[in-house]
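Residue numbers (our numbering): 281 to 562.
1) Hey, how far is the Cα of residue 462 from the Cα of residue 472?
2) Hey, how far is the Cα of residue 344 from the Cα of residue 353?
3) DSSP three-state label for residue 457, please.
4) Go ahead and pull the three-state DSSP assignment for residue 522.
5) Short of 8 angstroms in beta carbon distance, which residues of its chain neighbour residue 434, apart from the five on each side in sequence? Order them along the chain.
6) Identify the continuous alpha helix (DSSP H) that holds residue 421 and give its terminal residues.
7) Taking just the CA atoms, how far does residue 408 sit from residue 350?
8) Identify whether residue 308 lies in helix, strand or coil by the three-state DSSP scheme.
9) Would a C-beta distance cut-off of 7 angstroms place residue 304 and residue 406 closer than the cut-off?
10) Please state whether the Cβ-Cβ distance between residue 539 and residue 358 is less than 7 angstroms.
11) For the region 342-382, list the alpha helix (DSSP H) runs that are entirely contained and at least 4 residues long, ordered along the chain.
12) Note down the Cα distance separating residue 535 from residue 318, rounded to an integer number of angstroms.
13) Out of 478, 444, 342, 387, state which residue places its alpha-carbon closest to the alpha-carbon of residue 460.
14) Measure the beta-carbon distance from residue 456 to residue 402 and round it to whole angstroms, keeping in mind my assumption that it falls under 8 angstroms.
15) In whole angstroms, what is the alpha-carbon distance linking residue 468 and residue 281?
16) For the 8 angstroms Cβ check, are there 3 or more pairs between the region 425-432 and the region 389-401?
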């Protein structure tokens, strides 16, 4: 077995956690391959780009938090390598364990005592008014928000070609089931089991209080476009990155991506236990 490692070099405690992980893997005779910036944390020069992990690694361990996991998923591209998140601090929604459980984590992967949960990804395509096409993938969500003015955005939304709504709001979120615990939740969206095959459309501070989140099948194609009278750019983001200005005449199509992200889950860990911990349920 060979484990690729991606670490958030800006996270306090990253160097200690990385050293602990490398040592634990070595004790279990598991080879490791470090991403370029991760190798620099240990002053090593043998790092490689995460995009080259495909075919070289059996598993990718990501040291950081949920944000680091989102960036790692982007770096890995369309790779089908299983990913395990090791949170430096408290357990995150996307991570497998905490940095205090690294020895246990390595012991269990050496034994094969884990399961893989496939997390759906969404694909968003932007067709600019001049015909230019841009494509993105997201694990959590794509978001459309108001730009540099304080004005509400106005959007038309369709599902499978049928008009859904004319939104006036601070923005709109289209999230996967995995992303239901992120920005969508903060905007009043529902919690969704990540194995559910759905998307959730959540308006951000809508002008009309009757505009609520809507859950649709992830086999649906969601189309979004500014209204013709929208004269201010709208900001499009993917998992909090890739900011693109959307103007009148631009169109966005959101659908299920062809690949998914296999996340590693240790025994006795599940989505509901994480919910109870993160949300303080008793």
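C-beta atoms are modelled at their ideal positions from N, C-alpha and C, and glycine is treated no differently.
On the basis of the supplied data:
1) By one-based count along the chain shown, residue 462 stands at place 182. By one-based count along the chain shown, residue 472 stands at place 192. Taking the straight line from one Cα to the other gives about 11 angstroms.
2) Residue numbering aside, residue 344 sits at position 64 when the chain shown is read from its first letter. Residue numbering aside, residue 353 sits at position 73 when the chain shown is read from its first letter. The alpha-carbon atoms of residue 344 and residue 353 are separated by roughly 13 angstroms.
3) For the purposes of this step, residue 457 is taken as the residue at position 177 of the chain shown. Coil at residue 457, not helix or strand.
4) As a first step, residue 522 must be located in the chain shown, where it is residue number 242. If DSSP states are grouped into helix, strand and coil, residue 522 belongs with the strands.
5) Locating residue 434 in the chain shown gives position 154, counting from the first residue. So the list reads 446, 447, 448, 506, 507, 509, 510, once near-sequence residues are dropped.
6) Counting from one through the chain shown, the residue named residue 421 turns up at place 141. For residue 421, no alpha helix (DSSP H) encloses it; the enclosing beta strand (DSSP E) starts and ends at 421-426.
7) What you label residue 350 is simply residue 70 of the chain shown in a count that begins at 1. What you label residue 408 is simply residue 128 of the chain shown in a count that begins at 1. Distance between the alpha carbons of residue 350 and residue 408 is about 26 angstroms.
8) Locating residue 308 in the chain shown gives position 28, where the first residue counts as 1. It is coil, neither helix nor strand.
9) The residue you call residue 304 lines up with position 24 of the chain shown. The residue you call residue 406 lines up with position 126 of the chain shown. Cβ distance not < 7 angstroms, so residue 304 and residue 406 don't count as in contact.
10) For the purposes of this step, residue 539 is taken as residue 259 along the chain shown, with counting starting at 1. For the purposes of this step, residue 358 is taken as residue 78 along the chain shown, with counting starting at 1. In contact: residue 539 and residue 358 (Cβ atoms closer than 7 angstroms).
11) 346-356
12) Here residue 535 corresponds to residue number 255 of the chain shown, with the count starting at 1. Here residue 318 corresponds to residue number 38 of the chain shown, with the count starting at 1. Cα to Cα, residue 535 sits roughly 33 angstroms from residue 318.
13) Here residue 460 refers to the residue found at position 180 when the chain shown is read from its first residue. Here the closest residue by C-alpha is 478.
14) Taking the first residue of the chain shown as 1, we reach residue 456 at position 176. Taking the first residue of the chain shown as 1, we reach residue 402 at position 122. Indeed, because the Cβ distance is near 6 angstroms, the residues count as touching under 8 angstroms.
15) The residue you call residue 468 lines up with position 188 of the chain shown. The residue you call residue 281 lines up with position 1 of the chain shown. Near 43 angstroms, if we compare the C-alpha coordinates of residue 281 and residue 468.
16) no
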